[in-house]
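The opening residue of the sequence shown carries number 728 in our numbering; numbering runs sequentially from there. Don't be surprised by glycine CBs; every beta carbon is placed ideally from N, CA and C. In this text the structure is predicted, and so the values were computed from the model without any measurement. Written out below as structure tokens is the structure these notes cover.
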Amino acid sequence: MARRCDICGKGTMFGNNVPRKGQPKKQGGAGQHIGVRTLRTFKANIVNVKTSLNGTVQTIKVCTSCLKANKVQKV
728 MARRCDICGK
738 GTMFGNNVPR
748 KGQPKKQGGA
758 GQHIGVRTLR
768 TFKANIVNVK
778 TSLNGTVQTI
788 KVCTSCLKAN
798 KVQKV
């Protein structure tokens, strides 16, 4: 099953993992060195929620931002 919100379609996104070594100059160090960037995933906060759809109780996958915005009413 897809790790995707059934309401807004929010899913897994990709980005870079940026390793930083050294103390910043602002904090009295010699400056930061940025290492090799590698891919990482940003996963949406998905929860299973029982809700009433068309008069029947169904379990759907919803992101927590949709729950907070009251786009879905829990049963």
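- Taking a contact to require three or more Cβ pairs closer than 8 angstroms, the region 782-790 and the region 758-765 do not qualify as touching.
- Counting along the chain, the unbroken beta strand (DSSP E) around cysteine 790 starts and ends at 783-790.
- Note on geometry: alpha-carbon atoms of threonine 783 and methionine 740 lie some 32 angstroms from one another.
- Annotation for valine 745: no beta strand (DSSP E) segment contains it, and DSSP assigns it neither H nor E.
- Leaving aside the five residues that flank cysteine 793 on each side, the residues in its chain whose CB is nearer than 7 angstroms to its CB run, in chain order, Cys732, Ile734, Cys735 and Val799.
- Residue pairing by DSSP places arginine 764 opposite no residue, since no beta bridge is assigned to it.
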